[in-house]
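Be aware that the sequence shown starts at 6, since it is given in my numbering, and climbs by one per residue. We put the CB at the ideal spot given by N, CA and C, even for glycine. All figures in this text were calculated on a predicted structure; none of them were measured in a lab.
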Amino acid sequence: MLCVPRILRTREEFTLTIEPFEIFAIRYAHLGNRHPGENFILADPHEFASDLDYFVWVLRRSDCTFIVDTGFGKEAAARRKREWLRCPIESLRLLGVDSGSLTDVIVTHLHYDHAGNLDKLPRARFHLQDRDMAYATGRSMSHPMLRAPFDLENIQVMLKHVYSDRVVFHDGDAELVPGLTLHRVGGHSAGLQIARVWTRRGWVVVASDASHFYANFQQRRCFPVVCNIAEMLEGFNLLYRLADSPDHIVPGHDPLVMKLYPAVKPELEGIAVRLDAAPSSRT
Ligand SMILES: [Zn+2]
Ligand SMILES: [Zn+2]
6 MLCVPRILRT
16 REEFTLTIEP
26 FEIFAIRYAH
36 LGNRHPGENF
46 ILADPHEFAS
56 DLDYFVWVLR
66 RSDCTFIVDT
76 GFGKEAAARR
86 KREWLRCPIE
96 SLRLLGVDSG
106 SLTDVIVTHL
116 HYDHAGNLDK
126 LPRARFHLQD
136 RDMAYATGRS
146 MSHPMLRAPF
156 DLENIQVMLK
166 HVYSDRVVFH
176 DGDAELVPGL
186 TLHRVGGHSA
196 GLQIARVWTR
206 RGWVVVASDA
216 SHFYANFQQR
226 RCFPVVCNIA
236 EMLEGFNLLY
246 RLADSPDHIV
256 PGHDPLVMKL
266 YPAVKPELEG
276 IAVRLDAAPS
286 SRT
């Protein structure tokens with residue numbers, strides 16, 4: 006059974022002493038015309054099939070800035086026929102984040118849509134789970150079905166960063182700073198991790214691909230890209246345990262995120278939303 010780790014402090018302590026993070030989602034790509042079976046295992050072929058949005062996330066407060074994932078570039082978008090809207094790294098500027106001086110990047114997992122552009126952040130170190138690096142470089146990658154969501158170039162760049170002391174490996178739960186913890190979920194990828202973030206509205210969980218859509222965790226239905234279904238299902242439980250409410254869980258690819266959360270400012274409508282603000286009611 007998954008437990009909330011001991012490193013978590015009391016709510017009172019956080020409320021009194023820990024500065025909350027702002028959280029932003031930047032939408033950088035899109036994929037439409039999906040079949041239900043591409044979103045859920047054992048889908049009814051007649052049910053609704055949501056589009057996919059692609060995001061990177063920014064966690065920011067006065068003493069530190071983290072980004073969660075690095076998205077993919079134009080070339081990968083063309084090869085995989087995704088609609089590429091903007092460079093996720095250049096888009097950080099829209100929020101006043103200088104990618105050249107960014108020091109900490111959380112890589113939730115090494116799939117192509119979360120771990121591209123790794124050479125565009127010259128000063129960053131990358132927080133990654135042991136098991137994702139092992140998975141992406143080991144025996145499982147001899148199966149075309151399992152390696153399909155990875156791009157070899159990204160893995161090569163990450164390996165280069167390992168050899169340059171720029172990867173911080175984690176094994177399970179880790180506190181990066183007070184108010185920000187990582188938790189290994191696995192399931193979708195062997196070392197998939199999620200981020201639990203202290204905000205003005207309480208604990209928000211950036212779920213990344215632990216739940217592509219709201220429907221995955223709400224209906225306990227698995228996304229078909231998976232290496233361990235039991236871990237994926239346990240991951241849904243962990244999301245509920247770590248978030249203050251279901252409204253505090255942010256799925257990794259659901260276009261509803263752009264509809265439910267307020268734009269950072271009017272000029273960024275459809276591009277960037279604030280996740281530390283309460284969502285409008287749907288969930
Ligand atoms: Zn993924
Ligand atoms: Zn993904």
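Subject >> Alpha-carbon to alpha-carbon, Ser-216 and His-253 >> reply: Within the sequence shown, the letter at position 248 stands for residue 253. Within the sequence shown, the letter at position 211 stands for residue 216. About 13 Å.
Original post:
Does DSSP classify Ala-283 as helix, strand or coil?
Top reply: For this step, residue 283 is matched to residue 278 along the sequence shown. If DSSP states are grouped into helix, strand and coil, Ala-283 belongs with coil.
Original post:
Going by the beta-carbon positions, is the gap between Pro-25 and Gly-184 smaller than 8 Å?
Top reply: Taking the sequence shown and counting its residues from 1, the one referred to as residue 25 is at position 20. Taking the sequence shown and counting its residues from 1, the one referred to as residue 184 is at position 179. Yes, the pair counts as a contact, with Cβ atoms nearer than the cut-off.
**OP:** Determine the closest residue to Phe-71 out of Ala-34, Lys-79, Gly-78, Phe-131, with distance taken between C-alpha atoms.
**Re:** Within the sequence shown, residue 71 is the residue found at index 66, counting from 1. Of the candidates Ala-34, Lys-79, Gly-78, Phe-131, the one whose C-alpha sits nearest the C-alpha of Phe-71 is Phe-131.
Original post:
Within the chosen definition, does the segment 99-106 reach the segment 272-283 through at least 3 CB pairs nearer than 8 Å?
Top reply: yes
**OP:** Return the chain-ordered list of same chain residues with a C-beta closer than 6 Å to the C-beta of Leu-91, the five sequence neighbours on each side being excluded.
**Re:** Working through the sequence shown from its first residue, we reach residue 91 at position 86. Correcting the residue identity first, residue 91 is Arg in this sequence and not Leu. Excluding residues within five positions, the ones whose Cβ falls inside 6 Å are Tyr-33.
**OP:** Identify whether Phe-228 lies in helix, strand or coil by the three-state DSSP scheme.
**Re:** Within the sequence shown, residue 228 is the residue found at index 223, counting from 1. Phe-228: coil per DSSP, three-state reduction.
**OP:** Give the DSSP-derived three-state secondary structure of Arg-14 in the structure shown.
**Re:** Start at 1 with the first residue of the sequence shown, and residue 14 comes out as number 9. DSSP places Arg-14 in coil when its eight states are reduced to three.
Original post:
Under a criterion of Cβ closer than 5 Å to any non-hydrogen atom of ligand 1, which residues qualify, in chain order?
Top reply: His-116, Asp-214
**OP:** Taking the CB atoms as reference points, tell me whether Ala-30 and Phe-60 lie closer together than 8 Å.
**Re:** Translated into positions along the sequence shown, residue 30 becomes position 25. Translated into positions along the sequence shown, residue 60 becomes position 55. Yes. Within cutoff.
Subject >> Extent of the continuous alpha helix (DSSP H) run through Arg-85 >> reply: To locate residue 85, count along the sequence shown from 1; it is residue 80. Start and end: 79-85.
Original post:
Is Ser-286 buried or exposed, if buried means 16 or more other CB atoms sit within 10 Å of its CB?
Top reply: The residue you call residue 286 lines up with position 281 of the sequence shown. It counts as exposed.
**OP:** Can you grab the Cα-Cα spacing for the pair Ile-46 / Ile-234, in whole Å?
**Re:** Numbered from 1 along the sequence shown, position 41 holds the residue referred to as residue 46. Numbered from 1 along the sequence shown, position 229 holds the residue referred to as residue 234. If you take the alpha carbons of Ile-46 and Ile-234, they lie about 10 Å apart.
**OP:** Could you check the C-alpha separation between Ile-23 and Ala-282 for me, to the nearest Å?
**Re:** The residue given as residue 23 occupies position 18 in the sequence shown. The residue given as residue 282 occupies position 277 in the sequence shown. The straight-line gap from Cα to Cα measures roughly 18 Å.
Subject >> Backbone CA spacing between Met-6 and Leu-123 [nearest angstrom] >> reply: For the purposes of this step, residue 6 is taken as residue 1 along the sequence shown, with counting starting at 1. For the purposes of this step, residue 123 is taken as residue 118 along the sequence shown, with counting starting at 1. Residue placement at Met-6 is poorly supported in this model, since its pLDDT is 49, which falls under 50; the coordinates still yield a value, given next. So the two alpha carbons sit approximately 34 Å from each other.
**OP:** Within the segment 18-50, note down every full alpha helix (DSSP H) run reaching 4 residues or more, in order along the chain.
**Re:** 41-44
**OP:** May I ask whether a heavy atom of ligand 2 can be found less than 7 Å away from the beta carbon of Gly-257?
**Re:** Position 252 of the sequence shown, counting from 1, holds the residue named residue 257. Yes, since a heavy atom of ligand 2 falls inside the 7 Å radius drawn around the Cβ of Gly-257.
Original post:
Are the segment 245-265 and the segment 206-225 touching by the rule of at least three beta carbon pairs closer than 8 Å?
Top reply: yes
Original post:
Does the segment 152-170 touch the segment 195-204, meaning 3 or more C-beta pairs lie closer than 8 Å?
Top reply: no
Original post:
Should Ser-169 be labelled buried (16 or more other beta-carbon atoms within 10 Å of its own) or exposed?
Top reply: As a working mapping, residue 169 is identified with position 164 in the sequence shown. When all chains shown are included, Ser-169 counts as exposed.
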